[in-house]
Structure formats: C-alpha cells, structure tokens
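Here the structure is laid out as structure tokens; the discussion comes afterwards.
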Amino acid sequence: MREEFWFHFPFRVRYSEVDAQAVVFNAHYLTYFDTAITEYFRALGYDYLGEVARTGIDFHTVKSVVEYKAPIRFDEDIEVCVRVARIGRSSINLALAIFAKGSDDLRATGEIIWVATDQTTHQSVAVTDDMRALIASREKALA
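Below you can see the structure in the form of structure tokens.
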C-alpha cells in the first residue's frame, strides 16, 4: 500500500498528542492529515494563499474518515502519506495513510473530500483546469 503514495510527510509524536493510555488521541489524526495535505500541495508547487486571493475559490472539507489500524505511541516517528485518489467536477478526494517511519507498518488510513467553493457565493464550482493539471503532473493515475 505504501508504494501507492509518492508523498510522505514525517512527524514525531509529541507528549501533548497522546491520551491517558499513551497512544495518540483520536482527534490528532485529523491534524496529522491536514498538515500533510498542506505539505503535499506545497510540494506540488501550489500557492494556496495566492490562488485563493486571485480566484476567490477555496476548498471546504465535506467529509473526513479515519480508520484506526494499530496504536501510535508517544515519541514514535511516523510518516503520513497523501495522494489525490479522484477529482470530480467540484471535488477532490484525498487518500491518506499513516505508517511507522520507513516501514510498511500501517497504523491508520483516511479519506478527506474537499469541494471547490466560491468564497463570495458559497456555492460549489468546478475544480480549475490548472489544479487538475498540477495534480496530474504527479498523480499518474489521474493524468
């Protein structure tokens, strides 16, 4: 499964992220996902703030799924993997996976769905051709 992802972002689990059982508290998985998604688009060369200012289009999260496979513990090194699995008319489906650093030891999977939204009307709009091309430049299955 790890080979499905070209992008991996490292984290070291901090004490503030674990619960009384010394495992990562469930809400932090979404923070890991969000941070890794930001870095994924940075690695693509996408200027998030510039594009929102230029186009008035931003992405709203409409679905978040986390599937917990095995515990992640304090001070552990992990990698969050991100890829775009699908682009619809107005949506982008992101697939995520968390592994122990440098291994195939899968700890969690996830799905985040974004919808492109006009920030003035708050209505969905089509994902731009520029965004599609940028994603397809790295996601060969979508080219």
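Counted the way full-length UniProt numbering counts, the sequence shown spans residues 1 to 143.
Ideal Cβ placement from N, Cα and C applies to all residues, glycine included.
From a predicted model like this one, the values you see are computed outputs, not experimental measurements.
1) My understanding is that R107 touches A70, with C-beta atoms under 8 Å, so please give their C-beta distance in whole angstroms.
2) Is DSSP giving H60 helix, strand or coil here?
3) When burial is assigned at 16 or more other CB atoms within 10 Å of the CB, is V80 buried or exposed?
4) Could you check whether the segment 110-119 touches the segment 47-67, counting it as contact only if at least three pairs of C-beta atoms, one from each stretch, sit closer than 8 Å?
5) When the Cβ atoms of the segment 31-48 are set against those of the segment 96-115, are three or more pairs found closer than 8 Å?
6) Looking only at DSSP bridge pairs, what is R2 linked to?
7) Is I72 near V127, with beta carbons less than 8 Å apart?
8) Report the rounded CA-to-CA distance for F74 versus V13, giving the unit in angstroms.
9) At 4 residues or longer, what runs of the alpha helix (DSSP H) sit wholly inside the segment 48-117?
The relevant details are as follows:
1) Confirmed, about 5 Å.
2) Three-state DSSP puts H60 in a strand.
3) Around the C-beta of V80, 16 or more other C-beta atoms lie within 10 Å, and the residue is accordingly described as buried.
4) The way I'd put it, the segment 110-119 does touch the segment 47-67; three or more beta-carbon pairs between them come closer than 8 Å.
5) Flag = yes, the segment 31-48 and the segment 96-115 touch.
6) Answer is none; R2 lacks a bridge partner.
7) Not in contact: I72 and V127 (Cβ atoms no closer than 8 Å).
8) When the Cα atoms are used, F74 and V13 turn out to be separated by approximately 5 Å.
9) The segment 48-117 is shown to contain whole alpha helix (DSSP H) runs of 4 or more residues at 48-55, in chain order.
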